[in-house]
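Participant: The structure's right below; bear with me while I get my questions together.
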Amino acid sequence: MRSKPLSDESLRCLERAAKLKAKQQKLMEVVLPKLSKSLEISHSEEDKLMSEAVVFKNDYNGISRHKMHTITAVLKNQPKARKAMEEERWMDMFRSQPWLTRQNVEEGRLTDQRKKKRKELNQKSAILEKQRKEVEKEKEDIEEKERKIIEYQTKAESQEVESELEKRDLKQAAETLRQEIDLDAPTRERREAKLKEEEDALVKEIKTLDDEDAMAAARLKKQSETIEKFRDEELKGDKVALDEIAKEKKELEAAEEVFKQREAILQEEVEAGGGDVKTMAEFEEGRKKLQKRREDLEERERLFEETMDRREQYYLNAKAEAEEEMRNQQLKHLQEDIRERKKTVIKAQRELEEQLAEEAAKIKEEEEAKEKANWQAKQADDDIKSLGVRGVGAGGNKRMKPITAIKQYLRKQAGTRDDPEQLQMVSTIKKRMKIKGGQVEAIRAVKFTVGSTETDEFTSKQSTLQTQGMPFFRRIGREIGLHDQIVIWVEKTVDQDEFITELELSHTDQNHDLYINLLEEGWERSGHPKMRGETANDPSFCVWTYKAGPPDMPIGDLNLSYTLADEEELRKEGFEMLETSFLEFGFGDMNLWVRKVERAAVPTFANSAHVAKELHELRKMLAKSPDDEKLMEMEEKLLRKLHAAQVHEDESRENADNPIKYTMEFLALNPTELEQLITYFSYIDLDRDGFISMEEFSHFVGCPMSDYVHHIFKLTDALDEYDRLDFGETIKAIGTFCMLQGDEILKLLFAMFDPEGEGYINNDQLLEILSVLHPHYRGRTTRTLKEFDLPKTDKVTFEMVRRLHIQYPNMFHPAYHLQDRTRKTIFGLGWWEAKLRKYMATKQKLFSAQITTNQVDLSNDLRDERKKRKKERKHKRIEEARANKSQFVRALYIAKNVADALIPDIDVGRKAQIGQSLNPFTNQEEREIQKKKEEEEAML
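The opening residue of the sequence shown carries number 1 in full-length UniProt numbering; numbering runs sequentially from there.
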């Protein structure tokens, strides 16, 4: 490197050196600290373990080096040394055989386990017996269904049934029963096979348990015999040892007796002066041996007795311990039994209290039902009276004034008077539906007012029109004027031909870049004389609107934004901003927003209580995280949702407060029909408690109970805690359900799984709808759905459901069949079909005869002009009668005035040209005016 520092080899060496240096630096800065830290942790853990287990004696601070050898380590917890048992004691314990006694305890424990197992098997046997009874009952039900199938088929083929619809229903019912039997057959076979398998397994388990009991009894007997045999063997050995000791005792006693005789002989020889000293010493030594032998024999006897006592004590201790353990087990079982008995007593007591409470609640409920029934009867009478069913004379006709009778007769002759039922329908449609006819509302006209005076007058006029149920303009919430008050007004309609589909902003100055003229293209211009830019403070602004016939997305609403926050809020509500700012037209910095609506939208509303609860919980979370933008956005969304729900509930509260009156108005019922509904209600109410349940309703109409029936009952939002309805809510639900037609049944099904009104459901929810309608054919519905091209986005719209219904009509047939059965059992199909025809004709008549605000203004002007001319005619006739001396002429003028006052001044409409009045004097006068105009035009 020094000789050739710029060579390739030098550069490679330098590069390797740099890498090694970097590696060394990394080892020093990263690896070495980690290893040092790990070593420190290991040392600290070892020191901790050492300090917990060992204590060091003679270790203190400042100890000198030459004394360190005195430090000793001692365990804190010294292990306990086990004391060795002596061989003899161990042999005595072994020979007492305590484990043989313990075996009895173990057998007792096993016996308890088998008893517990037998109890479980008995419970299982009871369950299987119950299942066997259910299987037998199911077989009886199948036999009953088979009998019904034969009965339905026979009845359908007989001549007793003349209606083809009823024959079709009978065949359909028989086919449904047959399909139910065939569909459940594999399930029944599997259930019965499984039950048979479980019963066989139970028999085997019981047999195994019996064998174990027999084996345990044999084992206990064998153990008892073994213990007795062992004790006999031990006692036999002890007896042999005792016999040997007794034999040795006798031999010792005999030797002692011989020794005593010899001692007496030797004593006599000594006394006689004879005897040998050596002999005396031997004799003394023999006596000592006999004495020692006796002592050894007594010691052996004592030790043997102690051994026998100790062995017996070991046996008795083991037996006492075993008996104590058995007593403890028995005590434990007894305590468990007592606890079970206490639980049973507490449960029985609780059930008794619940039964008493249910009986008391039932009594109270019956009393409340009676009171409610009385109240309902009184309310029904009041409702009938409030609907005008009063003031009836003896002939059954309403009493009325002569002038009223004359006017009604004239209206009837002119074709302008409908029958009472149709009049009630007209009133109901106008009051309840506001002439919406089941369609969406959109904007048909835009208007401006400038200045507070004009705005106040226009506001008062629109309020009057709204009160009278006439078309009216609605005010946009915000104003656009800078110097004067300028308000935008919109008129909404349900006539799709009048929907505004496009809207453009324009300047009124032809030289301005934003000036447009779309009159030749079929657009309409809306502006104001004070918005033409004639003065410095006047804005120059107008709007062009276009109506393209029945559109899919007409303009439903307008709004204004002042700030970025307003823009964000309007964007969340579905509005779209027009690009041109109002600054260009002489206004402030604001923008116009439009919201288009879907023509086939199905509006739904949430429950305000649930939304309020969600809002409360969200605000708790927002209090913890006040800067969370997602939570703030969710709060704004819930506030809008709560406002919409409260508005909807306020609108529907009037209907909910008096369901009987609502139903009578909605169906245009007469008193006789109301009495029939009361009779039907009494037929449905099987338990006579003043309420009907979903099960009672399903039984009455002859359809199975399902979630769909529950959803129909929920239409009234008046189910009590027991899912029941009273008379008023029942007839309201039945009337609403039976008046549905066409796709409205599908919309009802769709709303079951789209309560929030999002406009779509997922694929699983669609399958759930079909499972509710076809509970016994889930597999078939799944296969059918596979043939239908379900969206991969897992979002099924109502239009997709409608196409599925067209492609597979039988798929949603149960929903329509339930309505058909309800109509047939209540009033009959003919009554409902006639009611629907008349209702739809009335609705179509109202819909086709809708008027706009322009027509209202023309009608008001025409009416005012007619009143003015009528008043002038009256005064003119009076003056001519006074001026004429002829009594006949005077009487003629008076008669004309009377006839003019009696005949209503209204348009005929249907039987004559539009604008022709019932009053012949008015028609004559208008013809004269028209003739005079024609003459003036001819002269010009």
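Beta carbons: idealized from backbone N, C-alpha and C, even for Gly.
Remember, predicted model here, so these are calculated numbers, not experimental data.
Flag this pair as touching only if the segment 445-463 and the segment 511-518 have three or more C-beta atom pairs under 8 Å; answer yes or no.
Facilitator: Taking 8 Å as the limit for Cβ pairs, the verdict is that the segment 511-518 does not touch the segment 445-463.
Participant: So the candidates are GLU721, PRO659, ASP707 and THR793; which of them puts its Cα closest to the Cα of PHE753?
Facilitator: Per the Cα distances, ASP707.
Participant: In angstroms with no decimal places, state the Cα-to-Cα distance between PRO186 and ARG132.
Facilitator: Going from the Cα of PRO186 to the Cα of ARG132 covers about 17 Å.
Participant: Am I right that PHE499 and ALA442 are in contact with their C-beta atoms under 8 Å? What's the rounded C-beta distance?
Facilitator: With 8 Å as the limit, PHE499 and ALA442 qualify as a contact, their Cβ atoms being about 4 Å apart.
Participant: With a cut-off of 8 Å on the beta carbons, I'd call THR508 and GLY533 a contact; round off their distance for me.
Facilitator: The pair is a contact, with the Cβ atoms about 6 Å apart (cut-off 8 Å).
Participant: Would you identify the three-state DSSP class for ARG474, choosing helix, strand or coil?
Facilitator: Strand.
Participant: Thinking C-beta only, is LEU829 closer than 7 Å to ARG823?
Facilitator: Yes.
Participant: When you compare each of CYS542, ILE712 and LEU505 to VAL450 by their alpha carbons, which one comes out closest?
Facilitator: Nearest of CYS542, ILE712 and LEU505 to VAL450, Cα basis: CYS542.
Participant: Leaving aside the five residues before and after LEU618 along the sequence, list all residues of the same chain whose C-beta is less than 8 Å from its C-beta, in chain order.
Facilitator: LEU631, MET634, GLU635 and LEU638.
Participant: Is the CB-CB distance between LEU558 and MET590 below 7 Å?
Facilitator: No, the Cβ-Cβ distance between LEU558 and MET590 is not below 7 Å.
Participant: Counting only the same chain and skipping the five closest in sequence on each side, list residues whose C-beta sits under 6 Å from that of ALA126.
Facilitator: Correct list: empty, nothing qualifies.
Participant: I'd like to confirm something about GLY451: is its beta-carbon nearer than 6 Å to some heavy atom of the ligand ADP, or not?
Facilitator: Looking for the ligand ADP in the displayed structure turns up nothing, as the structure carries no ligands at all.
Participant: What is the DSSP secondary structure of TYR60, reduced to helix, strand or coil?
Facilitator: The answer is coil: DSSP assigns TYR60 none of H, G, I, E or B.
Participant: Below 8 Å on the Cβ atoms is my contact criterion, and I expect ALA174 with GLN153 to pass it. Report the Cβ-Cβ distance as a whole number of Å.
Facilitator: Going by Cβ atoms, the distance from ALA174 to GLN153 rounds to 5 Å, so yes, they are a contact pair.
Participant: Do you know how far the Cα of GLU244 is from the Cα of GLU256?
Facilitator: One C-alpha to the other measures close to 18 Å.
Participant: My output table needs one value for SER3: the three-state DSSP class, helix, strand or coil.
Facilitator: If DSSP states are grouped into helix, strand and coil, SER3 belongs with coil.
Participant: Measure the Cβ-Cβ separation of GLY477 and SER540 and say whether it is below 7 Å.
Facilitator: Against a cut-off of 7 Å, the Cβ pair of SER540 and GLY477 comes out as no contact.
Participant: With DSSP as the reference, label TRP489 as helix, strand or coil.
Facilitator: Here TRP489 sits in strand by DSSP.
Participant: What residue does the alpha helix (DSSP H) around ALA668 start on, and which one ends it?
Facilitator: Taken as a continuous stretch (DSSP letters only), ALA668 belongs to no alpha helix (DSSP H), as it is neither H nor E.
Participant: Using only the alpha-carbon positions, how far apart do LEU749 and ILE769 sit?
Facilitator: So the alpha carbons of these two residues sit roughly 7 Å apart.
Participant: Taking 8 Å as the threshold, find out whether the segment 320-329 comes into contact with the segment 105-115 through three or more Cβ pairs.
Facilitator: Verdict: yes, contact present.
Participant: In this structure, how does DSSP classify CYS738 when only helix, strand and coil are distinguished?
Facilitator: Three-state result, CYS738: helix.
Participant: Exposed or buried, GLU15, counting other C-beta atoms within 10 Å across all chains shown (16 or more means buried)?
Facilitator: Classification for GLU15: exposed.
Participant: Per DSSP, which residues does MET634 bridge with? Please list them.
Facilitator: For MET634, which the question treats as bridged, DSSP gives no partner whatsoever.
Participant: Quick one: what's got a C-beta closer than 7 Å to LEU570's C-beta in the same chain, skipping five residues either side?
Facilitator: Correct list, in chain order: ASN559, SER561 and TRP593.
Participant: Could you pull the DSSP bridge partners for ILE692 from this structure?
Facilitator: LEU725, per the DSSP bridge assignment.
Participant: Can you check the UniProt domain "EF-hand" (741-776) for any alpha helix (DSSP H) of at least 4 residues that lies completely inside it and give the ranges in chain order?
Facilitator: DSSP runs (the alpha helix (DSSP H)) wholly in the UniProt domain "EF-hand" (741-776): 744-752 and 763-773.
Participant: Relative to the C-alpha of ASN763, which candidate in THR793, ILE488, LEU669 and PRO704 has its C-alpha closest?
Facilitator: The option with the nearest alpha carbon to ASN763 is THR793.
Participant: Does DSSP put ILE500 in a helix, a strand or coil?
Facilitator: Coil.
Participant: If you check the beta carbons only, do VAL487 and THR453 fall under 7 Å apart?
Facilitator: Not in contact: VAL487 and THR453 (Cβ atoms no closer than 7 Å).
Participant: Using the beta-carbon count (16 or more within 10 Å), is residue 951 buried or exposed?
Facilitator: Here the chain comprises residues numbered 1 to 940, so residue 951 is not present and cannot be evaluated.
Participant: Return the first residue and the last residue of the beta strand (DSSP E) that CYS542 is part of.
Facilitator: Element bounds for CYS542: 542-546.
Participant: Hey, which unbroken runs of the beta strand (DSSP E) at 3 residues or more fall wholly within the segment 788-834?
Facilitator: As far as the segment 788-834 is concerned, it has no whole beta strand (DSSP E) run of at least 3 residues.
Participant: May I have a chain-ordered list of the alpha helix (DSSP H) segments no shorter than 4 residues that lie completely inside the segment 114-185?
Facilitator: As far as the segment 114-185 is concerned, it has no whole alpha helix (DSSP H) run of at least 4 residues.
Participant: What number of angstroms, rounded off, separates the C-alpha of GLU321 from the C-alpha of GLN330?
Facilitator: Roughly 14 Å between the two C-alpha positions.
Participant: Would you call the CB atoms of ALA645 and VAL597 closer than 7 Å?
Facilitator: It is not a contact, given that the beta carbons lie outside the stated cut-off.
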